[in-house]
Structure formats: C-alpha cells, structure tokens
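Before any comments, here is the structure.
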Amino acid sequence: MEKKNFVSLLLSVVGIVLFALGMCMCLLPEWNAFTQGLVLGCAGLIVLLIMVMVRRKMEGKAVVVVPDGKTIGAILLTIVGVLLFGLGMCLTMVWTEYLAVGVVIGLLGIVLLLCLIPILKGIR
8 MEKKNFVSLL
18 LSVVGIVLFA
28 LGMCMCLLPE
38 WNAFTQGLVL
48 GCAGLIVLLI
58 MVMVRRKMEG
68 KAVVVVPDGK
78 TIGAILLTIV
88 GVLLFGLGMC
98 LTMVWTEYLA
108 VGVVIGLLGI
118 VLLLCLIPIL
128 KGIR
C-alpha cells in the first residue's frame with residue numbers, strides 16, 4: 008500500500024467515525040448530548056477536510072482548487088435534487104395526506120439527480 012493511500016485511509020476512518028458518532032449524539036434525544044455531538048461532528052468534518060488537503064499535497068497537486076462554473080452548477084443541481092427528493096419522501100412518509108404530491112416532488116428530485124450523469128459525463 009502506498010503511503011498516500013495509507014494516510015488517506017487512516018484520516019478517512021477517523022473523520023467518518025467522529026462525524027457519525029457526532030450525528031448519533033445530535034439526533035438521538037435519549038443520549039441528551041446535542042451540543043457535544045455537534046462539536047464532535049464538526050471535528051469529524053474538519054478531519055475529513057484535512058484529509059483531502061493532505062491527499063492532494065501528497066499527490067503533488069494544488070491543495071486548494073477554485074471550482075469552475077460547471078462544477079458549481081453541478082453542485083447546485085445536486086443540492087436542489089437531493090432536497091426535492093427528501094421533501095418528497097417526507098411528504099409521503101410523514102404527512103400521508105400529501106402522498107400524491109410527495110411522489111411527484113420525489114420523482115422530480117430523482118429526475119434532477121439523473122440529469123447529473125449527462126451533465127458531468129456527457130453523451131457519446
């Protein structure tokens with residue numbers, strides 16, 4: 008195993024475990040540890056961000072890359088698609104009287120997420 012892969016593996020595992028434990032602490036009211044979970048989740052995100060920067064440095068690439076317009080557009084499309092998909096799921100599972108509306112909104116979110124494939128990979 009190459010050194011950069013081993014370092015990435017270690018930092019990734021630590022970051023994901025911290026983030027997951029922090030989110031469990033935040034989202035489980037029985038634990039009564041919202042503030043501590045928030046701190047732990049943020050620490051996990053910071054470790055993951057450090058991992059990305061260390062990995063790029065070990066590969067000889069620029070540590071910070073300014074995204075172009077296509078990347079920013081894809082990120083915004085992803086965010087909108089995931090939010091619509093989640094809203095559709097909430098409408099169908101939590102408020103059952105909005106079942107039909109939730110299905111339509113969820114399908115719209117799925118369509119937006121499927122649009123990412125031709126946008127990012129292109130059609131050949």
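In the numbering used here, the protein residues as written are 8 to 131.
C-beta: ideal position from N, C-alpha, C; glycine also.
In this structure, Phe13 and Gly48 do not form a Cβ contact; the two beta carbons are roughly 25 Å apart against a cut-off of 8 Å. Here Gln43 has Met32 as same chain residues with Cβ atoms under 7 Å from its own Cβ, once five neighbours each way along the sequence are excluded. Gly95 is a Cβ neighbour of Gly113, given a cutoff of 8 Å.
Membership of Arg62 in the alpha helix (DSSP H) is indicated by the continuous run 41 to 65. In this structure, Met58 sits away from Leu28, with a CB-CB distance that is not shorter than 8 Å.
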